[in-house]
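Down below is the structure, laid out as structure tokens.
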């Protein structure tokens, strides 16, 4: 009986020292990413990114608040995708963000969720 109490006390003390690790799974959706490029006469390029989140089955997630929050938190990554069209080192480019992420209904974004 005394050994059982010692074992339980040891297990209890060890359980207090364990720390929880916050793990976040990769989102289970795709983002259709299309670009509209406008080459200006002054040598600059205006890049309009068109994004649309989809489930793996092709269902739109445009109005899903959690997906919208995830996309807003990854704006820097989305900008780097545009910059990589012009250089393999985006740090060398001079750029300016003209608009933030906004929903535009009625636009078309193509995404091949089946990989065909």
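Residue numbers (UniProt numbering): 1 to 116. Using N, Cα and C, we set each Cβ at its ideal position, and we do this for glycine too.
Should residue 65 be labelled buried (16 or more other beta-carbon atoms within 10 Å of its own) or exposed? Burial call: exposed.
Where the alpha helix (DSSP H) through residue 48 begins and ends: First-last for residue 48: 45-55, but that is the beta strand (DSSP E), not the alpha helix (DSSP H).
Take residue 70 as the anchor and find which of 59, 52 and 38 has the nearest alpha-carbon. Checking every option, the nearest Cα to that of residue 70 belongs to 52.
How many angstroms separate the CA atom of residue 60 from the CA atom of residue 46? When rounded, the distance between both Cα atoms is 27 Å.
Assuming residue 81 is part of the alpha helix (DSSP H), what are its boundary residues? Segment 75-83, the alpha helix (DSSP H) holding residue 81.
Per DSSP, which residues does residue 34 bridge with? Please list them. Note: residue 34 sits in a beta bridge opposite 50.
Nearest-angstrom Cβ-Cβ length linking residue 50 and residue 102, presumed shorter than 8 Å: With 8 Å as the limit, residue 50 and residue 102 do not qualify as a contact, their Cβ atoms being about 11 Å apart.
What are the partner residues of residue 39, as DSSP defines its beta bridges? DSSP output for residue 39 lists 45 as bridge partner(s).
Run through the DSSP bridge pairs and tell me what residue 29 is partnered with. According to DSSP, residue 29 bridges with 55.
Using 10 angstroms around the beta-carbon of residue 170, count the other beta-carbons present and answer buried if the total reaches 16, otherwise exposed. No information on residue 170 is available, as it lies outside the stretch 1 to 116 that the chain covers here.
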